[in-house]
Structures are given as structure tokens and as C-alpha cells.
Amino acid sequence: MSHFVARRATALLVAACLAAACSSDARSATDADGEPNTVPAAPTSTSNAAPLPTTTAPPTTAPPTTMLLGTTLLATTTTTPPPVDPSYDDIPIGVCDTITDGAIGYRNDTATIADEYEQIGLSAQGRPIWAEHWGTPDGPQVLVLGQVHGDECAPAWFVQAIREQPPTTFGIWLVPTINPDGLAAHTRRTADGIDPNRDGFRLETPEARAVMFATGRYQPVLTIHVHSPYQWVGSHNGGLAREVAGAMSDAVGWGPTPNAGRVRNGDLAFLWEGQELVIPGHPSVLIEFPAVAEGESPAPPDPSQKDVATVAAVATQAKLMRDAFYEVMDHR
Ligand SMILES: [Zn+2]
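Residue numbers (numbering that gives the first Met the number 0): 0 to 331.
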């Protein structure tokens, strides 16, 4: 217990420091989502050009099935196949699918499919980055970035919780993973070796550019960024974000919800900082789930700070946080 408290206190201290305008000299080497801020790579070519969306064709219905016996046509039946999730084969199966008993990856294995799918970009290695629409097309929309770092597996349960029970009074654009190359390779960074959650201003990576493209296209009232392996919820830009973060944390008993923070190191920036350039003052929630296995994100730079929970615990937390989030949205 004391170990947990110590780790949690460290996480909160770091976040509080970030929120309280600590100088870059005094602040911790860690950050809101664990990565050291010293990314040495100089910018190469930076393009702000967003990828064009590709809307998939709607699922086709199967042609009538004819049953022939000899030369006599006995019956003609029309069968409707189950709907096909057009993103299904594009989302890689990786270590997150097998990392522990009961593990799930980021593919949609639920019985339902989204009402719309859009490709919001292409990864460095050419994998599609998909956004799925759930809930109502009218009214407020929320952007959920299910996985940002490719070696983080617990966020898959939040992705699944939304697919299993979509909202009814608002809409969600759910990006199961912005980093399919990292998911395939079980690496935190993109295939370019860049931390996508420090690329909010530079936009060196097609993955970060896809996030900015989706932000501009969907005009969300809120973005939820899902990470692991620390156990806390934070907010950025207050208002709706603070309200949702507080309700989520209360639902699972994780305590205070500090600011998600800013990188404050040159032009490195979290994705939620970059989104502010697309929508001024845009609010974001940061969820940090505990890991579901030791092989999940190593919690850089200090692996001892990692929180690990069971699959069952994370699955339950994800549903409770989803319900708390919906409750706030339903009554705003
Ligand atoms: Zn992360």
C-alpha cells in the first residue's frame, strides 16, 4: 500500500508541478504520461498538410443465394450477412492481444459496428488510421484517442466499453489507435522513432497530423486521451474537461484530478496542446489506466512507478468511467 501511495504521490507531484508553471530547470524529468521530455531529434521536414479523408463504401448486401437440386430450382433465399467493420483487418494484432489472460487488442470484436468509419490518416508505414462514429450524429461530438503509445494495452478496455455501449444523447468519434505501427511492433513511439504525444506542435509525424485533422474535421467539444500505466485522471483547459475527469475519478476512487499539463520544453508539446491551435481553449481529459501486465508500457523513465492491475479490474474501471462520462454529457 505504501508503495502505491508513493508512486501515486510522485505522479501527482509531477502533474501538479506541470500545472503550476514550474521552471524547466526545476521540474521533474518525467511528464504527464511518463516520457522524459528530452527528445533530441531535430525537426526534419514539417508539413501541416492534413491527409484527405477516405470514406469507406457502405457494406454491401450479399446477392440472393439460390439452391439448386438437379435442374430444379427449389428455393431462392436472400441472406443478409452480418455487417462488416471496414477497419477490422487494418488494425494490427500485436502483443496487446496476447499480453495476459483475457487480453484484448484494439480491433472491434463486439457484435456491433459503428455507424460511420473514416480514415483520418496513414501511419508512417502506411497503415490506415481509423475513426469510428458511435452515438448520435447531431449534437455535441467527443473525440476519443484510444491508444497513442503503441505499447499501452489497458486503454483497449475503454475502447471496447464505448463500442459495447455507445452514447445516446451525443456522438463519439473513436480512434482506436492513432499509432498502429507502434501497436504492431509494441513500441511506445511511432515507426519514425518519435513520441507522438510530444509532437503536438511540430507535427512531424503523420500520426499527430491525423489527430489535428480529426480535431478540425469533427470539431469536438472535448477530447479524451487514453494512456497507461499510471493510475490517475487529469484535465486540460478546465470546464467540461475538469467536470468529466472529476466524475471519472470519483467513479473509480482514484482521488484528485490534476491538470494534464504542458511539456514546456522548446517546441515539444502534448497532443492536447496542439489541439488548442486547431480549436482555441479546447478541453481535454487524460486517462492513465494501470497496466494489465508487466510487459505493458515500461513507465519511462522509472519503471518502479508503474501501476499494474488485473484485466478484470481495468475492464470494470473502464465501464465505470464510461458511465460517469456519459452521465456528465447527458446533463450538460
Ligand atoms: Zn502513453
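Positions of the beta carbon are idealized from the N, C-alpha and C atoms, including for glycine.
Query	Result
When the Cα of Trp253 is compared with those of Ala190, Ser283, Pro219 and Val232, which residue comes out closest?	Val232
CB-CB under 6 Å to Leu365, same chain, minus the five flanking residues each way: which ones, in chain order?	Residue 365 is absent from the structure shown; the chain starts at 0 and stops at 331.
Could you check what DSSP says for Thr70 in three-state terms: helix, strand or coil?	Note that Thr70 scores 39 on pLDDT, short of 50, meaning its location in the model is unreliable and no value can be drawn from it.
Go through its chain and collect everything with a Cβ distance to Val251's Cβ below 7 Å, but skip five positions before and after it.	Gln316, Leu319 and Met320
Just the Cα atoms here: how many angstroms apart are Pro179 and Ser122?	7 Å
What do you reckon, are the CB atoms on Phe169 and Val225 nearer than 7 Å?	no
Between the region 90-99 and the region 292-304, do at least 3 Cβ pairs fall closer than 8 Å?	yes
If you measure from the CB of His226, is any heavy atom of ligand 1 nearer than 6 Å?	yes
Gly233 by DSSP, collapsed to three states: which one?	strand
Under 8 Å Cβ to Cβ from Thr204, same chain only, skipping five residues before and after it: list those, please.	Ala123, Thr189, Asp191, Ile193, Pro195 and Asp198
So is Gln218 buried or exposed if we call it buried at 16+ other beta carbons inside 10 Å?	exposed
Starting from Leu142, follow the beta strand (DSSP E) in both directions and report where the run begins and ends.	Gln140 to Leu144
Entirely within the region 304-330 and at least 4 residues each: give me those alpha helix (DSSP H) ranges in chain order.	310-329
Quick check: the Cα distance between Pro91 and Gly120, rounded to an integer number of angstroms?	15 Å
Would you tell me roughly how many angstroms separate the C-alpha atoms of Thr351 and Gly265, rounded to the nearest one?	No answer is possible for residue 351: the residues shown for the chain start at 0 and end at 331.
With respect to 6 Å, is the separation between the Cβ of Glu206 and the closest non-hydrogen atom of ligand 1 below this value?	no
Judging by CA-CA distance, which residue of Ala213, Ala246 and Val307 is the nearest neighbour of Val143?	Ala213
What is the DSSP secondary structure of Leu221, counted as helix, strand or coil?	strand
Gly245 lies in the alpha helix (DSSP H); which residues open and close that run?	Leu239 to Val251
Whole angstroms are fine: how far does the CA of Pro80 sit from the CA of Phe288?	36 Å
What first and last residue would you give for the alpha helix (DSSP H) that runs through Glu203?	Per DSSP, Glu203 belongs to no alpha helix (DSSP H) and is neither H nor E.
Return the CA-CA distance between Gly238 and Ala268, expressed in angstroms with no decimal places.	21 Å
Indicate the three-state DSSP secondary structure (helix, strand or coil) for Thr99 in the structure shown.	coil
Among Arg261, Ala246, Val262 and Arg263, whose alpha-carbon lies nearest the alpha-carbon of Pro255?	Ala246
Output yes or no for whether 7 Å exceeds the beta carbon distance between Tyr116 and Ser86.	yes
Please classify Gly215 as buried or exposed, where buried requires at least 16 neighbouring CB atoms within 10 angstroms.	exposed
Given Met328, which residues of its chain have a CB within under 6 Å of its CB, disregarding the five upstream and five downstream residues?	Phe169
Quick check on the burial criterion: 16 or more other C-beta atoms within 10 angstroms. Buried or exposed for Ala25?	Its pLDDT being 26, under 50, Ala25 is placed unreliably by the model, and nothing is read from it.
Leaving out five residues on either side along the sequence, give the residues of the same chain with a beta carbon under 6 Å from the beta carbon of Arg162.	Asn107 and Thr109
Roughly how many angstroms lie between the CA atoms of Ala183 and Glu242, to the nearest whole one?	34 Å
Under the three-state reduction of DSSP, which class applies to Gln118: helix, strand or coil?	strand
Please state whether DSSP places Gly134 in a helix, a strand or coil.	strand
In this structure, does DSSP put Val158 in helix, strand or coil?	helix
Tell me whether Ala213 sits in a helix, a strand or coil according to DSSP, three-state version.	helix
Whole angstroms is fine: what's the gap from Glu151's alpha carbon to Pro279's?	29 Å
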